[in-house]
């Protein structure tokens, strides 16, 4: 666990990173859609001009393969996009819950600190057994050490400071349940950001594959048009886009 400010900053950074992944993914999806449209147009053009039987067969196969690859790329990009949207929606809820739990834990710690000091009236050389405002780290280790030291203090002073044990009994759920929830939520948010990163990578690969399919089928269309022109003397050529996106 981290300090309240650090938790808030960590959560905000995660949400921002997820949004950045989504923005890049949308850009890749647009690239895939554009390449898919151009591939479809070029595939139709490649099949329009027969040329020699061999050329027509090759062009047709390239066109079919390109459309298959473009379709697969479109599916991958759309799936990645939809998955990212779902993760982002869940992450926003988890982020707010993480902030709420961190705040609740911080409030509980402050209350414990004030009550502990007021109840035990500890001497200066014993103040290491309590949480102090200067120590803002909400670490599991620090909290466990704090609890153990309070128990030791309680044993040392016997019944004089039995309120310490009662204090922990009253405060346990208010403190440790939010911390447990916070720990779980931060882990989930880390998974969210890692998964959206993977989705972005998948979409990027899909965009590359879609552009490659477009380039392949455009070359096939040009080959078929040239073959048909040479064979039949056709001067018209299919309209295809030039180059990648």
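Numbering (the working numbering), first residue to last: 259 to 503.
No residue lacks a Cβ here, since even glycine has one placed at the ideal position from N, Cα and C.
If you count every other CB in all the chains shown that lies within 10 Å of the CB of residue i, and 16 or more means buried, which is it?
i: residue 267; result: exposed
i: residue 344; result: exposed
i: residue 456; result: exposed
i: residue 326; result: exposed
i: residue 452; result: exposed
i: residue 315; result: exposed
i: residue 333; result: exposed
i: residue 367; result: buried
i: residue 440; result: buried
i: residue 472; result: buried
i: residue 507; result: The displayed coordinates of the chain run from 259 to 503. Any statement about residue 507 would go beyond what the structure contains.
i: residue 351; result: exposed
i: residue 269; result: buried
Does the distance from the C-beta atom of residue i to that of residue j stay below 8 angstroms?
i: residue 331; j: residue 467; result: yes
i: residue 349; j: residue 273; result: yes
i: residue 438; j: residue 320; result: no
i: residue 433; j: residue 360; result: no
i: residue 304; j: residue 482; result: yes
i: residue 353; j: residue 328; result: no
i: residue 265; j: residue 356; result: yes
i: residue 298; j: residue 461; result: no
i: residue 276; j: residue 459; result: no
i: residue 335; j: residue 301; result: no
i: residue 469; j: residue 358; result: no
Check the Cβ-Cβ distances between residue i and every residue of chain C, and say whether any is below 8 angstroms.
i: residue 460; result: Within the model displayed, chain C is absent; a lone protein chain is all it includes.
Worksheet item: Three or more C-beta pairs closer than 8 angstroms, one from the region 443–450 and one from the region 281–289: is that the case here?
Response: At 8 angstroms Cβ cutoff, the stretches do not touch.
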